[in-house]
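Residue numbers (my numbering): 211 to 358. Heads up, the beta-carbon is just placed ideally off N, CA and C, and yes, glycines get one too.
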């Protein structure tokens, strides 16, 4: 038998992305969250392993955007019984801002192109062999506050 993520994370943290797309694995996860153990039955052998772990999970709304008129459970299509197992639930909303989104993407491109990470005006140039970005101004105080 091999230990899974929750058993390996015993006395630590287990991070789960795309939590809303887990499907039928909720029952095993609920046992682990309630009893802090994972039970495995294979080839006639019953084994109970410790899973004393904190779970950090991330999920996306089922419709692609969060509908404020619906509950968290409805937006994520998760059963209330599962959501009740979490001590803290944070809803992060992305308020569309074309200018800030553009500047943020330029900043990320500058970071990953090796030209530094200072946010500002970025110019993209492309030739047949390569593409690169160069940054010409720095992040001002208002931009820094907007990103926090």
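Just reading off the beta strand (DSSP E) that residue i is part of, what are its end residues?
i: residue 301; result: Residue 301 -> no beta strand (DSSP E), and no H or E assigned at all.
State the start and end residues of the unbroken alpha helix (DSSP H) segment that holds residue i.
i: residue 205; result: Residue coverage of the chain in this structure runs from 211 to 358, which leaves residue 205 outside it and unanswerable.
i: residue 292; result: 290-293
i: residue 283; result: 282-286
Does DSSP put residue i in a helix, in a strand, or in coil?
i: residue 223; result: strand
i: residue 215; result: helix
i: residue 238; result: helix
i: residue 337; result: Since pLDDT at residue 337 reaches only 41, below the 50 mark, its modelled position is unreliable, and no value is offered.
Exposed or buried, residue i, counting other C-beta atoms within 10 Å across all chains shown (16 or more means buried)?
i: residue 255; result: exposed
i: residue 261; result: buried
i: residue 320; result: buried
i: residue 317; result: buried
i: residue 242; result: buried
i: residue 287; result: exposed
Would you say the segment 264-277 touches the segment 214-229, given that touching needs at least three Cβ pairs under 8 Å? Using a C-beta cut-off of 8 Å, the segment 264-277 makes contact with the segment 214-229, since at least three inter-stretch Cβ pairs fall below that distance.
With a floor of 3 residues, list each beta strand (DSSP E) that falls wholly inside the segment 240-276, ordered by position along the chain. Here the runs fully enclosed are 247-252, 255-260 and 264-267.
Quick check: the segment 299-317 against the segment 269-285, are there 3 or more CB pairs under 8 Å? In short, these stretches touch, since the Cβ pair count reaches three.
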